[in-house]
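**Q** So for the sequence shown, my numbering puts the first residue at 38; every next one is plus one.
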Amino acid sequence: MIIKNVSLKNYRNYENLNIHFSNQMNIISGNNGQGKTNLLESLVYLSLTRSHRINEDKKLIKDNQPFSKIQSTIQTKDKEYVLQTIIHPNGKSLIVNDIPIKKTSEFVGILNVILFSPDDLFLFNDLPKERRKLINQEITKVNKKYLNALNQFQNILKDRNNLLKRDKLDENYLNVLDEKLIENEIIIIQERKKFIELMNQTITSIYQDISNDPTKIEIEYKSCIENLDDIKNELIHLYQNIRNKDIEYHVTTEGIHREDIIFKMNGQPLIQIASQGQKRMTILSFKLALIEYIKKQTNENPVLLLDDVLSELDDIHQKNLLKRLAGENQCIITTTEIHKFDGMNFKEYEIKDGKIIGGMQ
Ligand SMILES: Nc1ncnc2c1ncn2[C@@H]1O[C@H](COP(=O)(O)OP(=O)(O)O)[C@@H](O)[C@H]1O
Ligand SMILES: [Mg+2]
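#1: Just the Cα atoms here: how many angstroms apart are LYS139 and LEU131?
#2: Buried or exposed: where does TYR286 fall if 16 or more other Cβ atoms within 10 Å of its Cβ makes it buried?
#3: Closest by CA to SER142, which one among LEU187, ILE233 and VAL119?
#4: Could you tell me if GLN121 is buried or exposed, where buried requires 16 or more neighbouring beta carbons within 10 angstroms of its beta carbon?
#5: If you measure from each residue's Cβ to the nearest non-hydrogen atom of ligand 2, which ones come out under 7 Å, in chain order?
#6: Going straight from the alpha carbon of ASN338 to that of LEU325, what length do you get?
#7: Quick check on GLN108: does DSSP put it in helix, strand or coil?
#8: Taking the beta carbon of ASN336 as the centre, do at least 16 other beta carbons fall within 10 Å, making it buried, or is it exposed?
#9: Which residue wins for smallest C-alpha separation from MET62, given the options ILE393, GLU263 and LEU362?
#10: Suppose contacts are defined by Cβ-Cβ distances below 8 Å. Is GLN108 in contact with ILE39 by that definition?
#11: Distance, Cα to Cα, ILE399 vs LYS73?
#12: Select from LYS41, ILE262 and ILE320 the residue whose C-alpha is nearest the C-alpha of GLU296.
#13: For LYS181, which residues in the same chain have their Cβ closer than 8 Å to its Cβ, ignoring the five residues on either side in sequence?
#14: Counting only the same chain and skipping the five closest in sequence on each side, list residues whose C-beta sits under 8 Å from that of LEU206.
#15: Just to check, is the beta-carbon of GLY67 closer than 7 Å to a non-hydrogen atom of ligand 1?
#16: Do you know whose CA, among LYS106, ASP204 and TYR82, lies nearest GLY146's CA?
#17: At a cut-off of 7 Å, is ILE106 close to ligand 1 when judged by its beta-carbon and the heavy atoms of the ligand?
#18: Could you pull the DSSP bridge partners for GLY128 from this structure?
#19: First and last residue of the beta strand (DSSP E) that includes PRO339?
#20: Check each candidate in LEU265, PRO137, ILE98 and PHE323 and name the one with the smallest Cα separation from LEU171.
#21: Any heavy atom of ligand 1 closer than 7 Å to the CB of LYS389?
#22: Got a sec: does ligand 1 put a non-hydrogen atom nearer than 7 Å to the Cβ of ASP246?
#23: Taking its Cβ as the centre, do 16 or more other Cβ atoms sit within 10 Å of MET302, making it buried, or is it exposed?
#24: Need the endpoints of the alpha helix (DSSP H) that GLU78 sits in, please.
#25: Beta carbon of TYR183, beta carbon of GLU220: below 8 Å?
#26: Of all the options GLU257, ILE223, ASN55 and LEU235, which has the alpha carbon lying nearest to the alpha carbon of ASP266?
#27: Is the beta carbon of LEU403 sitting closer than 8 Å to the one on ILE369?
#28: Spatial neighbours of ASN173 within its chain, please: C-beta separation below 7 Å, excluding the five flanking residues on both sides.
#29: In the DSSP assignment, find the unbroken beta strand (DSSP E) run with ASN63 in it and report its ends.
#30: In whole angstroms, give me the CA-to-CA distance for PHE383 and ILE64.
#31: If you run the structure through DSSP and keep just helix, strand and coil, what is THR241?
#32: Give the single residue among ASN237, SER248 and GLU175 whose Cα lies nearest to the Cα of LEU358.
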């Protein structure tokens, strides 16, 4: 898919911005603090209906302004969409082709972007919660069944934890909740397993291709169950086994809300052995594998947003990465330096203080 244009009104440091993108490579240059990340963030917002940087939408509204608006025309293989989000201090409105959308799930995923950011490196050190968030985000963008199961699971988990906190426990009701919990967890585990299998099919060859290093990269699924070929029975046993513990601790101690993934290099946990450069290459490979996953699931090419990631790579790795990216996918790349794109076909924009001051428009 292609982002044809975006206009921002009172978004972060932008008062009014209109920008038309090339179908291929777009380079947004500018010094620090001028609005490069803000621009990419607005596109992430259109994709996920939230920022990748902050939880409080209010901060996205330009200082001293009543609301903020992001509008963009998206061209997919067979349809054109005009997406709008209006962010107010107390909430947001979502609009597709002039029709207000009530359910966030009907808006999420129309625009599919993959963001590459220097902050991605935190993924290895973050708590499992952040890795689960990433997996959930990527699967929900392309799979409504998963999104639905995840929402249901979260509601049932809340009910189950509330029940476990009561003085007098209704075990029949607990049985009912366990059954519903398991029903949704089966879908979630199946899809997480499939996601990780598909990622593992490509990640090593991508890593070797962009890094010229024969290391094997693997993502291990740390599931709450052991045998992923017998999910239902495993879950039934799990909840039988932990019942007394859960009653004692007044909380659901195990389930898909405690799962994790582990990145491995040649069979060893990456976090223990990888250099900074290898970590960087692994996260890039993960994102590139994600492109393949999204393509397979949606039959569309996601738009790639690269926020200042090139400056962290040496020339060879930059070339390897750009060579892989150029071509099929539209790319929007921010950078503080411009000279590295010699010989490549791109449209260039320079941003200063929330305005385009140079390049072609
Ligand atoms: N709500 C807001 N209102 C006005 N300016 C904002 C708002 N949020 C962030 N900014 C400004 O945006 C700038 C940072 O933009 P950013 O896109 O992160 O820069 P960079 O070009 O380095 O990626 C800062 O100058 C910051 O003060
Ligand atoms: Mg930035």
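From the three backbone atoms N, C-alpha and C, an ideal C-beta is built for every residue, glycine too.
**A** Taking the structure as given:
#1: 7 Å
#2: exposed
#3: LEU187
#4: buried
#5: ASN69, LYS73, THR74, ASP344, ASP345 and THR371
#6: Rounded to the nearest angstrom, the two C-alpha atoms are 12 Å apart.
#7: strand
#8: exposed
#9: That would be LEU362, whose Cα lies nearest to the Cα of MET62.
#10: no
#11: Residue 399 falls outside the range modelled here, since the chain spans only 38 to 398, and no answer is possible.
#12: The shortest C-alpha separation from GLU296 is found at ILE262.
#13: SER142
#14: LEU200 and ILE284
#15: yes
#16: TYR82
#17: Correcting the residue identity first, residue 106 is Lys in this sequence and not Ile. Outside the cutoff, so no.
#18: Bridge partners of GLY128: HIS125.
#19: PRO339 -> no beta strand (DSSP E), and no H or E assigned at all.
#20: PHE323
#21: no
#22: Between ligand 1 and the CB of ASP246, the shortest heavy atom gap is not smaller than 7 Å.
#23: buried
#24: 73 to 85
#25: no
#26: Nearest Cα to ASP266 within the set GLU257, ILE223, ASN55 and LEU235: ILE223.
#27: The first residue shown for the chain is 38 and the last is 398, placing residue 403 beyond what the model contains.
#28: LEU187
#29: First-last of the beta strand (DSSP E) with ASN63: 62 to 66.
#30: 7 Å
#31: helix
#32: SER248
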